[in-house]
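Colleague:
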Amino acid sequence: MACAQITIPELKQKLFGYQDVQIVDVREVNEYRDGHIEGSKLIPLGILPYRLDEVDRDKEVVLVCRSGNRSSEACQILRDRGFRNVKSLQGGLSSWTA
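Numbering (full-length UniProt numbering) for the sequence shown: 1 to 98.
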């Protein structure tokens, strides 16, 4: 089943409305250092299965990568492990900064 997506305007509305959203950036450390969404948590895709305890099951989780491919894969990993309220940022960070 495909991962639900959230658009940039929808995410910005949640962030500016102080809604309880956890943003998880699944890119690599060097990519994160080059720019990221303020308040996001870096958990690279390759180690995500080992750091699930850092993802809050009680919040809406928005996964972010460069273009949306890795975040969709991360979404499937979380859903397979029982996370229900998970979305991928449509277009990834490249659309966020465009």
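Using N, Cα and C, we set each Cβ at its ideal position, and we do this for glycine too.
Would you please verify whether the beta carbon of Gly46 is less than 7 angstroms from any beta carbon of chain D?
Modeller: Within the model displayed, chain D is absent; a lone protein chain is all it includes.
Colleague: Three-state secondary structure (DSSP) at Ile23?
Modeller: Residue 23 sits at position 23 when you count from the first residue of the sequence shown. Reduced to three states, the DSSP call for Ile23 is strand.
Colleague: I need the DSSP call for Ile37, collapsed to helix, strand or coil.
Modeller: As a working note, residue 37 is residue 37 in the sequence shown. DSSP places Ile37 in coil when its eight states are reduced to three.
Colleague: So, using beta-carbon positions, are Ile6 and Val61 closer together than 7 angstroms?
Modeller: Walking along the sequence shown from the start, residue 6 turns up at place 6. Walking along the sequence shown from the start, residue 61 turns up at place 61. No, the Cβ-Cβ distance between Ile6 and Val61 is not below 7 angstroms.
Colleague: I'd like the span of the beta strand (DSSP E) that includes Glu54, first residue to last.
Modeller: Within the sequence shown, residue 54 is the residue found at index 54, counting from 1. Segment: none, Glu54 is in no beta strand (DSSP E) and carries neither H nor E.
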